[in-house]
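Written below as structure tokens is the structure these notes are about.
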Amino acid sequence: MDVVTPSRLENTGNAVYRIVVVTACALLIGLTVSLAAIAFVELVLWFNNVLLVSARTRVQFENTRWIIMSATLIVPVLGGLIVGALIFYLSPEKRPIGPPDVIKGVQLAHAPATLKGGITSTAASIISLGSGASVGQYGPLVYLGAMIGNLLSKLNLRIPNFPAIAMSCGVAAVISTAFNAPIAGLVFAHEVILRHYSMQSFAPTTVAAATGYVVANVVFEREALFLVDFGGVQFGHEFLLFAVLGLFSSAIAILFMQLTLKSAKIAGQTSIHPILRPACAGLAVGIAAIWLPDVMGVGRETLRFATIEGAFFPTELAVLIIAKIVLTALCIGFGFAGGVFSPALLIGILFGALSWTLIDATGFIATSGIVSYAICGMMAVASAVIGAPLTTILIVFELTRNYDLTVAAMVAVVFSNLVTYRAFGRSLFDVQLANRGVDLSLGRDRARLSTLHVSKLVSTHFGRCAPSDSTEEIYRDNAQEFEYIFVVDENKQLAGIVNIREHAENHRGPIASIMRPAALVFEHDTPLPEAMRALQDFAGDFIPVIDHESKILTGVVTESAIIKAYLDAVDGLRNEENASA
Amino acid sequence: MKKMRLPRLITFFLASLLTAASAAEEIITVVSWGGVYEQAQRRAIFAPFTKATGISVKSITYTGGIDTIKDRAEAEKWDVIDMIEDQAISACDIGLLEPISANHVTSADKSMPLDDDFMPNAFRECSVAQNIYSTVYAYDDRVFLGEKPETIADFFDLEKFPGKRALLKDPDVILEWALIAIGVPVGQVYDLLSTDRGLRLAFSKLDSIRDSIVWWSDVGDPGELLDSGTVVMSSGYNGRFFSAMQEEKMPITIVWDGQVINYDVWSIANSSAKKDIAKKFLQFATMPAQMASMAEFIPYGPTRKSALSRIGLHEKSGVPMRDHLPNSTKNVDRALFGDSLWYARTKSLRNQRFENWLNETQKPETKTE
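In order, the protein sequences belong to chains A and B.
Position one of the first sequence corresponds to residue 1 (this note's numbering), numbered consecutively onward.
Position one of the second sequence corresponds to residue 582 (this note's numbering), numbered consecutively onward.
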């Protein structure tokens, strides 16, 4: 007979509690996030219509050209001023919040940003997109999802890793809603945000993604981002062309990301006041848009045109690609709030269309039309920028429901990512994070451990003395309590260490005469993994910890404390990655 | 029992009110489109109105257009005008029409409030939507015996379906069709047509059939052109095609793919001296019973939900009319809902581009002659 022990009963009870609560939370997050995402997108569209950014309203003023001209010039500048002021005065972070912050938040288990900074950034991105700045909407949406998830995780529900799960749910729901692509939403949350796979987070993100899909598709019947008719890839040799297109796309993606980083650097060095920076980028967009209206905003019409043969002349495509890369880098670097994904989609699809036009112009190679090349280019560039090959392949599949096209895109995406990973990094987000000191390139465990510093383990209870103190007195007063005495000079800096139980007995004279230099010293911000490595060659129990700048001795840390903290952190990560429910 | 009587009571009450108010003036001039459409209006609306109020209806036929209103409305004492919505918006913008409010020209059905009852954007500043009509194309059954045209792309496919095509000499609808034929999803047609690039693409698609186009201008023309064998396909209004099929037994088939649905509206001429009576006429004409009755004569869908359920069989052929309405579920799959405001505001631009394109077309012809 099987006797159910109280502890097993308790475990089962806990698991049931966790499953019910997490599922309910995922539903709630999915619902809230998808409604918020729809509101966000609608608001942007409304601004675009009112502010004469969208083609559909611009054309209605075609007879009064001066209205369109002045709107084109003034709207992005005014939008830039408002965004600049919002971020400068209201955001504690003093910058827009986006996917890198979400990744950091989930990986390091803390909030991605302050709530005030997050709300300000979201409002700023609605204005940026609404006034036609050349930025994307998915970055701000991803943050919006994570922000809502993070809000819910503040409830004390006694569920391990709940903040990371809740944020991932929000992100999955947002992508699912925005693209009408629940599977892509689910995969994006794992591939870009969570970066590990466990049933504990897989189940709720799936629920949230499905909820987002139901809200967007069934309740609101929203149309997909784009639909294409595609007959299929007709020639085997085309897959080779897709692979080559992928390779060239990675060059475009790297150029785009380098310029974006460079632009932010330049913006930081200029003497232009931060409030005015977005307006400068806005002016550039406005001036460019007088000749190239396609550069404004998300460019839905341009996305469509790129899949139509004969819509662009090759030179037009080339000019547009360059303009869009430069203006997006400028807008993001100079402080407009917005993402890089939509511009990357646009740049990629134009590049794909250009590539097809050139291939077709040679007249030697048979192709199955512009559509597959445009889509391959689009996904190859975009996936390299956000570092999400699987997600983008799935987006193609879910948006087009076309198997041939998905396989074609897959080939281009994989080659583009291979090169980009080697030559640049996993994604723009990862490189931005690395520049901020969070390096995810060696794995999430290293990144998480790197944020743990020895300062957390420091003990201030230790024996200390001045170099001139008498050894006899020090021995008499401290030998009972401490094994080691840390000798500190007049600047409060460490001069040396004495093992008083071994060396001070029967010794006369100043303690400085028997002290030895410390074999190992940590600074208070020495990361845990570095401390662990240093311990390998260290024989002893206590390690002095000094301040990074002033070099003042702030405390000591024991070897065992470091090992314990390290093991705890590794255990925590392992539990998170293997948690079942 | 009580519920059955209520609408009748209301009608009676309304009728007596109207009779009392209009004792002095006995005639109202209603301008409409002639043909089977006007015959249907006569039986579904005009005659019952006269019966209920004692006011007789004088009908005048026109072929639409804002200039026509400018030229004729005052001289011919037009009161109520049946208009295409985008023309009503343009006419309203330049003050040719009387501004009206929903409460004055319609009465709520007991089943739901006005706003829920009418289709979205049914009320504009100077007009109220009375029915929805659709521009479709029909082909001659006698010509295509094997494979039959099914899509808008087929309309532009001269290889698969050779022969002349008739189109209304107007940039409305044909530009939309050109983009749909290229593969643009209906949801994005107007966005793309709003760009120079979109217009260029649409006209270049039209170029591909330019030598096979026969232009029509009167709503009755498509039927005649098809019947006489002058063309093998023609654009036209679904109601006209329906009556040609049902009443004249013409061997044609309607292709619903890519149909462009628009509102037909009632409006009141600003020059009218009988605006109060005109408003009462509108109130009567937009009642669910009249709308449903209208749809039994000609398949233009009512703009009120409360009218939909009342629609029965076609009075002559006995076919269920709901299947032949533009908004019938089986027809609406790839329908494009015309954006009247966009139509009105972009008319001059599109006209200008259309004229330019027509002139381009004529050049090679004059050369060969």
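From the three backbone atoms N, C-alpha and C, an ideal C-beta is built for every residue, glycine too.
Residue-chain proximity (residue i, chain A), Cβ-Cβ < 8 Å
i: residue 785 of chain B; result: yes
i: residue 838 of chain B; result: no
i: residue 603 of chain B; result: Residue confidence for residue 603 of chain B is low, a pLDDT of 48 falling below 50, so the modelled location carries little weight; the figure read from the coordinates is stated next. It does not: the Cβ of residue 603 of chain B has no partner Cβ on chain A nearer than 8 Å.
i: residue 669 of chain B; result: no
i: residue 938 of chain B; result: no
i: residue 765 of chain B; result: yes
i: residue 926 of chain B; result: yes
i: residue 923 of chain B; result: yes
i: residue 545 of chain B; result: No answer is possible for residue 545 of chain B: it lies beyond the span of chain B, which begins at 582 and ends at 950.
i: residue 620 of chain B; result: no
i: residue 827 of chain B; result: no
i: residue 871 of chain B; result: no
i: residue 769 of chain B; result: yes
Contact list for residue i against chain A, beta-carbon separation under 9 Å
i: residue 782 of chain B; result: 305, 308, 310, 311
Under 8 Å between C-beta atoms of residue i and residue j
i: residue 848 of chain B; j: residue 656 of chain B; result: no
i: residue 188 of chain A; j: residue 391 of chain A; result: yes
i: residue 259 of chain A; j: residue 326 of chain A; result: yes
i: residue 710 of chain B; j: residue 699 of chain B; result: yes
i: residue 209 of chain A; j: residue 185 of chain A; result: yes
i: residue 664 of chain B; j: residue 708 of chain B; result: yes
i: residue 338 of chain A; j: residue 125 of chain A; result: yes
i: residue 212 of chain A; j: residue 34 of chain A; result: yes
i: residue 682 of chain B; j: residue 748 of chain B; result: no
i: residue 907 of chain B; j: residue 713 of chain B; result: yes
i: residue 790 of chain B; j: residue 758 of chain B; result: no
i: residue 36 of chain A; j: residue 207 of chain A; result: no
i: residue 650 of chain B; j: residue 628 of chain B; result: no
Chain-ordered neighbours of residue i on chain B, where CB pairs are closer than 8 Å
i: residue 63 of chain A; result: 929, 930
i: residue 404 of chain A; result: Correct list: empty, because the minimum Cβ distance to chain B is about 16 Å.
Local Cβ density within 10 Å of residue i, reported as buried at 16 or more and exposed below that
i: residue 1 of chain A; result: Any reading at residue 1 of chain A must be qualified, since the residue scores a pLDDT of 46, below 50, and its modelled position is unreliable; the value itself is stated next. Exposed, since its Cβ has fewer than 16 Cβ neighbours within 10 Å.
i: residue 437 of chain A; result: exposed
i: residue 63 of chain A; result: exposed
i: residue 98 of chain A; result: buried
i: residue 199 of chain A; result: exposed
i: residue 548 of chain A; result: exposed
i: residue 17 of chain A; result: exposed
i: residue 522 of chain A; result: buried
i: residue 696 of chain B; result: exposed
i: residue 583 of chain B; result: Note that residue 583 of chain B scores a pLDDT of 41, beneath 50, so its modelled location is shaky; the value from the coordinates is reported in the next line. It counts as exposed.
i: residue 197 of chain A; result: exposed
i: residue 603 of chain B; result: Only weak support exists for where residue 603 of chain B lies, its pLDDT of 48 falling under 50; the coordinates are left without a value.
i: residue 693 of chain B; result: exposed
i: residue 300 of chain A; result: buried
i: residue 54 of chain A; result: buried
i: residue 143 of chain A; result: buried
i: residue 89 of chain A; result: exposed
i: residue 539 of chain A; result: exposed
Residue-chain proximity (residue i, chain B), Cβ-Cβ < 8 Å
i: residue 59 of chain A; result: yes
i: residue 523 of chain A; result: no
i: residue 301 of chain A; result: yes
i: residue 430 of chain A; result: no
Within chain A, partners of residue i - CB distance below 7 Å
i: residue 648 of chain B; result: What residue 648 of chain B touches in chain A: nothing, since even the nearest Cβ is about 18 Å away.
Contact set between residue i and chain B, taken where Cβ atoms lie within less than 7 Å
i: residue 55 of chain A; result: 772, 775, 776
i: residue 42 of chain A; result: Those within 7 Å of residue 42 of chain A in chain B number zero; the least Cβ separation is about 15 Å.
i: residue 360 of chain A; result: Those within 7 Å of residue 360 of chain A in chain B number zero; the least Cβ separation is about 17 Å.
i: residue 229 of chain A; result: 764
Exercise. Of all the beta strand (DSSP E) runs that stay within the bounds of the stretch 760-817 of chain B, which reach a length of 3 or more residues?
Worked result: 794-797
Exercise. Which runs of the alpha helix (DSSP H) spanning at least 4 residues fall entirely within the stretch 264-301 of chain A, listed in chain order?
Worked result: 277-291
For this session: Note down, one range per segment and in chain order, each alpha helix (DSSP H) of at least 4 residues found wholly within the stretch 217-254 of chain A.
Result: none
For this session: Please go through the stretch 356-442 of chain A and give each complete alpha helix (DSSP H) segment of 4 or more residues, from N-terminal end onward.
Result: 370-386, 389-400, 403-423, 428-435
For this session: Go through the stretch 486-551 of chain A residue by residue and report every complete run of the beta strand (DSSP E) that reaches 3 residues or more, in order.
Result: The qualifying runs are 494-499, 542-546.
Exercise. Which full runs of the alpha helix (DSSP H) of 4+ residues lie inside the stretch 53-101 of chain A, going along the chain?
Worked result: Correct list: 55-58, 65-90.
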